[in-house]
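Here is the structure we will look at, set down as structure tokens.
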Amino acid sequence: MDAGGGHQAPQAALANGSGGAQQSHLNGHTQNDLSQVLEALQAIYAPNSNNDTRRQATEYLEQAKRHPDAPSQGFTLANDRSQPAALRHYGLTMLEYSIKYKWEDFTVEQGTELRGSVTELAKQTAEDDPVYLRNKVAQLWTEIAKRSWGAEWLDMDEQLVALWQHSLHHQAIVVYVLETLSEEVFNREDATAGLRGSDLGRACVEIFTPAAVLTEHLPTRDKGLDVRCGEEGWLRRLCDNLGYCLSQDYQNQEAVRTMAVKTLNALRAAMPWIIPKAIGATQVVGTLCRALAVPVVELQLAAIEVFQAIYNRHHLNDDDFGELVWPMFAPESVSLLREVYNWTIADLNINDLDDQKYTLCRKLSELANSLGLFIEQKPRQIPESSDFGGMLGFLFDIMRHPSLVVSIPVLHCWTKLLRSPVVRENDTIKSMIAGLLETSCSRLIRYESLPEDTEDVTLQFLNEDIDTVPERHAFLGNYRRFCADMIETLVRWIPVEAMEHILGQATNVLQNIYRDQPPFSPQTFTKNSPTVLRVDAQITVIDAALKGYLKWLASHGENMQEDERKRSALEDSFEQWGRQMLQARFEDPEIARKIVSLMSTLSTKALGDRPAFALTFLEYMLTIRLADDTAYPLYSDAVKDLERICSLEMQKLAIKFANDFMNVYDQLESKVNEMINDPTTDERQRMAYSAFLFIIIHRCTVLDRSTQEERMRLMLNQVKDAWQNEEFAGAVTNFQSFCGILGMGQLPDFLSVNNFRSVSDWSNQPLGGDGQALQASILERSQQLPLRLTKTLLAATTEKLRDGTPAYDSAALLWAEAIPILLPNLLQLVSHAQAFNDIDSNWSQLPVELQQVIRRVLTDRFWQAGISTESRDDFFARVSGSKSTYEGFASTVRGTVRQIRESSYFILYSLTRFRDAFYGIQDLPGPLSEALFGHAHALTAHHLSVLLTVSTHLIEGCPASLRPQFLPPMIQGLFRELDRKISGEWSEVARQVAESGDNDNLTDEMKTESILRQLTYSSVSLVAVLLDSRQEFARADTESRRDPSSPPMCDFILATPSVLEPILLFCTSTIHVRDTRSVIMIVRVLRSLLPRFKEDSPIRSYFCNDILKASITSLHEPYFVDCQKELASLIAGIIHLDDTTPRSIILSLPGMADDHRVDRKLAKLKSVNRQDERTQRAIVLDLLSSIKGVSIHEQGKMVRAGPKKRTAFQEQYMSVDQPVGIVRGTSPGLAGVSDMFGGE
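Heads up: the sequence shown runs through residues 1 to 1240, numbered per the UniProt record's numbering.
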């Protein structure tokens, strides 16, 4: 950076804190100079200073740092022990500014002088200096080391060793330097260190590693690097120092205890990069065991962190295992681990928890996870002398800890251990099977659904460990997944014994579900009653067990005769148990629904060659008619849900057993028609029953082709007739008639007459008789549309349908006749259903206050995983309970329109299965694009996500030969609306955050932001598929339908500018959105495209101008600190594309007018190996660091959140793609960064 300001001294902004201006020079070291600095510092922190005074004081202090004499002035201030600590610290910041931003402008002599000042300050530090001053000196030492050590500065190690001899507080400075160098050269991507990465890396290896280890294991290293002092190296010195601290009175001497922790931290920083032989040669593991054995929790925790740093390394070889891993399996080490663990759980009381011991317990569990995974990796190499059984017992004990947070790392480990045949041979493991199975089964209960006041110690720990409901839900989902995985693995290992235990346990529970409980009553029905939760846990156990059985079935074969005997015996026991369950009648619809789903899995998967059981199960579903009672809405909804599940499971059976059901088709048809004609059967069920019969005819192979197609055509004629109905066709010609066919023609009048505008809480305002009648009419009229019939038959046709089979050919032939008939009116429906949300187009004639009511009617209530504080079931219960209110009426209106949209989307998606019959329609793309995207801007982000999903399927499913015809209007329309919506919504989020107060509704805002993140990421994922062939071919969901010989989609798009343009515009906008994951992905996609645009073209110009500007802007915003690596790499790649445009843009930036400096950096960038991405990024970050006078990589430090309560290890179990919350207040940023390019 420029020295700045010439030789003119900064103005003194203050006089006695009053804000008056004086002129003064800092060329000397007068007391007046120092007092001005002191006054400025006091003015900043004084509670009675006004904002203007603070601003002037800050400006003065910032200017002083830029003065040419700032280094000597700073040294004088910092070294004067008579001055206040705040003034001495400011002196250090003057030195820091010179080091960070003016180092390149110094001569060698000036650099040497500055280095001498810092080393002198390090020597002069005293024990009574504040810790933050000592740490600042150590930080300055490190900053200079990153810039000159190993080049001009060769005796640093000698100086460190000399400092090491002085005192504990001097040792603390050395340890700080060593730890920070390790972190910034190897573990973190520090931009300054990155510029000299290889030189600093070699120097670190040289001074840390014992000379004997270097000679033996790195004989070919560069021996000309003369930077080390002494033979032992810092790893040995640190271990010796730790041993010394442990031999002192560490419990009573805080300085010794603190030094031990700092030493452990320095060791932790070195462990990921130092060669393993050095760790072994210096007996680090043994020293750590000594630290773990001391009864001081902070030392034990620090020791475990070092262990984890060692054991998280990749690619340890067999010798390394012998020196670093297996010593932890020695009897004395295992005994130590168990003793420490037992100490942490002694007197464990959730109501009086010792936080330190509990934290240590959690950390021990993480260490146990690492050690357990080594057993999985190298089970045959564990030494004979190891206490293997003791280690397994240690893992077993931790898994059974009442805290699931302590248990989960080891539970996860067990799921992997049990997959190892070598591990399973161990006798100790065999003795633990019953306990492993019992623990896994008992913990599949849905703890999140238990009442908060339940006297269950596991639930109490859960509430103590995890504060938020969403995180608790995510964590429990992961925990149950591991339990189910354990059950699955155990069944796969010992199927007969495990299934016998599991089915016996389930029988006991299901036959005694109301023991010690009142009998079932619809009045008291809830989805989460204790009875339902017990049954749910048992069914989850059996589901997991069946998965294990099916995997055993697929893999058995070594002993065919024995395995076949076991298979037959197991199938007999499954069928016997299943028939026993089908003889029972469950009055609780939720329990019945779970039993039906389980029986379906049993029938279609485990008993797939036993059609007699399938017929028994089918009969069960046809006769399980629980009496509905609308007086109890929750119960009534559950009964309907049971009916829906039965219909779906019947269709699954029909697909699996089509030929067997065809043999009794006449009886089935008679029974089904009887139920269809039953007046109590609703329209949804009637269609589901018809689909059941359709599937049997379609999927059976015993009918001749002509008879089969004739019978299917008869059924499909219903679809064609419905779409050709003249009354219906006339009703969808315009928006008003569309509203009329739904009974909503007079909706505004109804809302006005019933005074919706004046009611604040719609959910508590009962709906009158006329409202309930209109509500019923809307629902009934929507049922008359041909959507459900079409959707049901399409689903029946395409479910589990494989391309190229006779069933597919028949379906494609028959639907090809229907597609041209239904599409025109289907597109009208889609268009009107989206236009319903478009206030400006269709409701603008209404008074403004009524428009606001319409907006509110269209505002969804939704439950958001990871955000909502109530459970999903509670949310649905609340919605169900408000049906006969104003909110219930609004829900009916918007829900009906949403259902029309989404049913239409499903039909369009299903039609893509018939490829050319759909995509080959000549005039389809334009009208389809207009119908889908014409009013898409009016949809919420949530609804646009659904549209994006169907659009993605439509685009990806297009045959290669039809891409030029079909894709351009589709991609143009989609990305136009995505760019418009996503950019606008992120701007609105930013506005709301800026204007909101502490008491605003955070949950609603977080829901909105979470959904916007999901939409943004889904959109970005589509871009990746369209522009990167690797992503396209990695998409598993479309793999089976892709022609392997067809060219990649990206070849077509990149060769078609009219299609590529809207995608690139969207990408440019997305670089600015506040979603790190999306920005990183879009930047990676853009980087992957750079090699395609080496030649001069409009696209290359767009990259070198618009995309470069967008990248630089985001690079300088504090929010994007976690994207800096990717953004810097993209900028580097763009600079390589063109010599002129990027240079002129960079020179136009504020603070970048020094063209010699810019050209020097650009030349360095061009000369660096293109494969060395870290160095390229470092050069870019260094080049752009002068914008606005703040280093880019410093900005992250301005806005970094405080330390998290949980480690990254723990966080992995508490998130399922957790959304990022809203940051409150005005984060410090760089004023005017967004205007860097003159407002373009």
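Note that beta-carbon positions come from the ideal geometry of N, C-alpha and C, so glycine has one too.
Computed from a prediction, not measured in an experiment: that's the story for all the values here.
Start and end residues, alpha helix (DSSP H) containing residue i
{"i": "D355", "result": "355-377"}
{"i": "N342", "result": "331-345"}
{"i": "Q517", "result": "Premise fails: Q517 is in no alpha helix (DSSP H) and is neither H nor E."}
{"i": "G435", "result": "427-442"}
{"i": "G194", "result": "191-195"}
{"i": "C289", "result": "284-293"}
{"i": "Y1119", "result": "Here Y1119 belongs to no alpha helix (DSSP H), and DSSP marks it neither H nor E."}
{"i": "H170", "result": "168-182"}
{"i": "A960", "result": "From DSSP, A960 is part of no alpha helix (DSSP H); its letter is neither H nor E."}
{"i": "Q667", "result": "665-676"}
{"i": "residue 1291", "result": "For the chain, the structure presents residues 1 to 1240; residue 1291 sits outside this window and is missing."}
{"i": "V496", "result": "495-511"}
{"i": "N79", "result": "70-79"}
{"i": "P383", "result": "Run containing P383: none; DSSP gives neither H nor E here."}
{"i": "M560", "result": "560-582"}
{"i": "T215", "result": "211-217"}
{"i": "K223", "result": "Where K223 is concerned, there is no enclosing alpha helix (DSSP H), given that its DSSP letter is neither H nor E."}
{"i": "E254", "result": "254-270"}
{"i": "R66", "result": "51-66"}
{"i": "I1146", "result": "1141-1147"}
{"i": "R88", "result": "85-102"}
For residue i, the residue or residues it bridges with in DSSP
{"i": "T885", "result": "P766"}
{"i": "W153", "result": "W149"}
From the options, residue whose alpha carbon lies closest to that of residue i
{"i": "A193", "options": "Q1176, S636, D52", "result": "Q1176"}
{"i": "R991", "options": "M1049, Q36, R1074", "result": "R1074"}
{"i": "M662", "options": "R644, K640, E643, F694", "result": "F694"}
{"i": "K416", "options": "S431, V406, C1050, R481", "result": "R481"}
{"i": "T885", "options": "Q775, L829, D860", "result": "Q775"}
{"i": "R228", "options": "R221, M156, N265", "result": "M156"}
{"i": "Q283", "options": "T209, A346, E216", "result": "T209"}
{"i": "L742", "options": "D749, L751, V732", "result": "V732"}
{"i": "V702", "options": "L648, A658, L714", "result": "A658"}
{"i": "L200", "options": "E184, L214, P959, A212", "result": "E184"}
{"i": "F394", "options": "V422, E455, L1181, R338", "result": "R338"}
{"i": "S758", "options": "P847, Q708, V853", "result": "V853"}
Distance between beta carbons of residue j and residue i, contact taken as under 8 Å
{"i": "P47", "j": "A85", "result": "In fact, because the Cβ distance is near 19 Å, the residues do not count as touching under 8 Å."}
{"i": "L462", "j": "Y447", "result": "6 Å"}
{"i": "R894", "j": "L858", "result": "5 Å"}
{"i": "R196", "j": "K146", "result": "7 Å"}
{"i": "A654", "j": "I696", "result": "5 Å"}
{"i": "A835", "j": "H935", "result": "5 Å"}
{"i": "R1092", "j": "Y1017", "result": "R1092 to Y1017, Cβ: 24 Å. No contact."}
{"i": "S945", "j": "Q1014", "result": "6 Å"}
{"i": "A545", "j": "V491", "result": "5 Å"}
Given 8 Å, three or more beta-carbon pairs between the region 435-444 and the region 369-386 = no
task = Check whether the region 780-796 touches the region 681-701, taking contact to mean three or more Cβ pairs, one atom from each stretch, closer than 8 Å.
result = yes
Three CB pairs or more closer than 8 Å across the region 576-583 and the region 495-511 = yes
task = Take every Cβ of the region 294-305, pair it with every Cβ of the region 353-365, and state whether three or more of those distances are shorter than 8 Å.
result = yes
task = Indicate whether the contact test is met: 3 or more Cβ pairs, each with one atom in the region 322-335 and one in the region 376-395, closer than 8 Å.
result = yes
inquiry  = Quick test of the definition: if touching needs 3 or more C-beta pairs under 8 Å, does the region 229-239 touch the region 272-286?
reply    = yes
message = So, does the region 905-916 touch the region 816-830, judging by three or more C-beta pairs under 8 Å?
response = yes
ask   = Is there contact here, the region 957-974 with the region 1053-1071, by at least three beta-carbon pairs under 8 Å?
value = yes
task = Give a yes or no on contact between the region 172-186 and the region 259-276, applying the rule of three or more CB pairs nearer than 8 Å.
result = yes
inquiry  = Count Cβ pairs between the region 446-460 and the region 416-430 that sit closer than 8 Å; are there 3 or more?
reply    = no
ask   = Counting Cβ pairs, one atom from each stretch, are 3 or more of them under 8 Å apart for the region 1118-1131 and the region 1077-1091?
value = yes
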